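Have a look at the structure below before the remarks.
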Amino acid sequence: MISRNPSLIALILVAIATFAALLHLLNHNHSPAIDQGSNPNSPRSSPAKHEGALPRHTNELATSPATTAQAREARQKQLALWSANASAVLDLSLKNLIADLPLSTQEIAAVQQIFARRDAELTSLLTAMYSGNATNDSQLFTSICALLRNKGLREDLAGVLSASNLAAFDASEASRQHQFIEARAYRDMADINSVVLLSDAQKQQALAALIKHAPSKIDHEADTRAFLTLHYGQSLTDVDPSSIRGLTNLANQLTSNPHATLDIDSPQLRQSSATIKADRIARDLSTLQNILDEKQLARYREHLESEPAW
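If you use my numbering, the sequence shown closes out at 782, no skipped numbers anywhere.
Structure (structure tokens):
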């Protein structure tokens, strides 16, 4: 069995607590608004050290003017951290694009404008999140993660790149996605092979099956990994999938049902996590149904069921 790094799990639990607290605050909208006197599109400072998770209950924020001011300051620091990390994500994508493609001077300028516009949009969305002024938290979260995942970028580039450079961009993205898929399939293969001993023939069959199903798994976790990037920068974006299940459950709860509870201690969320776990086990076993023998399937089922839903 592949063990999970306790330090990573501790960091991710902090992210889960912060995420749940933030959404709890936004849904109740009792917290003070952010001071928006500064221009949200102005250059951002480097990430400040994370000061800890937000309070879990709204009544912790408004007990006195002093605590209200402290809460406002903490929220502004959190906004600055997330904004700086968001800028870093887009800046890395921009640098990779310029390095990968033989762009003309005019195309480079146009691409830089596209990323500046997307960066400004992220700033606006993050500010709306922390001000509590969002009308739809689910849509807001989805929009933030979409920008971090470069969704819609291809459509933006289509208007400024030459046909040959757009084709080169498509090829580069396809190659990068193929690498992600292969990496995920090999990671899943390592997990299986740590539990049951596979023959060479079984390894080939299992790898082919895992590659086929990897894209849906990657997409299922994509918003969660985007959130981790927002919260921790690039350092935790490649963590083991089993270590981010709780946050993935929360993210998918928000995007699929804006009215669902986001209290990580609630019976409803734990029941939902148990159901998600059962569905995941069924899918994983179905993928290997015609590859593993009965004893191997039973052993792998036991391994999957022993893992926490979170």
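Glycine included, every Cβ here is placed at the ideal spot set by N, Cα and C. Keep in mind the model is a prediction, meaning the values are calculated, not measured.
To which residues of the same chain is residue i closer than 7 Å at the C-beta, ignoring the five residues directly before and after it?
{"i": "residue 652", "result": "690"}
{"i": "residue 678", "result": "661, 664, 670, 760 and 763"}
{"i": "residue 572", "result": "644"}
Grab the span of the alpha helix (DSSP H) containing residue i for me, first residue to last.
{"i": "residue 776", "result": "766–778"}
{"i": "residue 637", "result": "635–665"}
{"i": "residue 672", "result": "672–704"}
Here's a check: name, in chain order, each residue in its chain whose Cβ is nearer than 6 Å to the Cβ of residue i, leaving out the five neighbours to either side.
{"i": "residue 765", "result": "none"}
Grab me the residues of residue i's own chain with a C-beta within less than 8 Å of its C-beta, minus the 5 sequence neighbours each way, in chain order.
{"i": "residue 753", "result": "773, 776 and 777"}
{"i": "residue 675", "result": "661 and 665"}
{"i": "residue 716", "result": "484, 693, 696, 697 and 700"}
{"i": "residue 625", "result": "565, 586 and 590"}
{"i": "residue 630", "result": "638"}
For residue i, which of helix, strand or coil comes out of DSSP?
{"i": "residue 758", "result": "helix"}
{"i": "residue 632", "result": "coil"}
{"i": "residue 623", "result": "coil"}
{"i": "residue 575", "result": "coil"}
{"i": "residue 712", "result": "coil"}
{"i": "residue 551", "result": "helix"}
{"i": "residue 763", "result": "coil"}
{"i": "residue 562", "result": "helix"}
{"i": "residue 719", "result": "helix"}
{"i": "residue 745", "result": "helix"}
{"i": "residue 792", "result": "Not covered by the structure: residue 792. The range shown for the chain is 473 to 782."}
Using a Cβ-Cβ distance under 9 Å, would residue i count as near chain B?
{"i": "residue 581", "result": "The structure shown contains no chain B; it is built from a single protein chain."}
Check whether the Cβ of residue i lies closer than 8 Å to any heavy atom of the ligand FMN, and answer yes or no.
{"i": "residue 650", "result": "Questions concerning the ligand FMN fall outside what the structure shown contains, since it holds no ligand whatsoever."}
### Every unbroken alpha helix (DSSP H) inside the region 579–623 [4 residues or more]
Fully enclosed alpha helix (DSSP H) runs of 4 or longer: 609–620.
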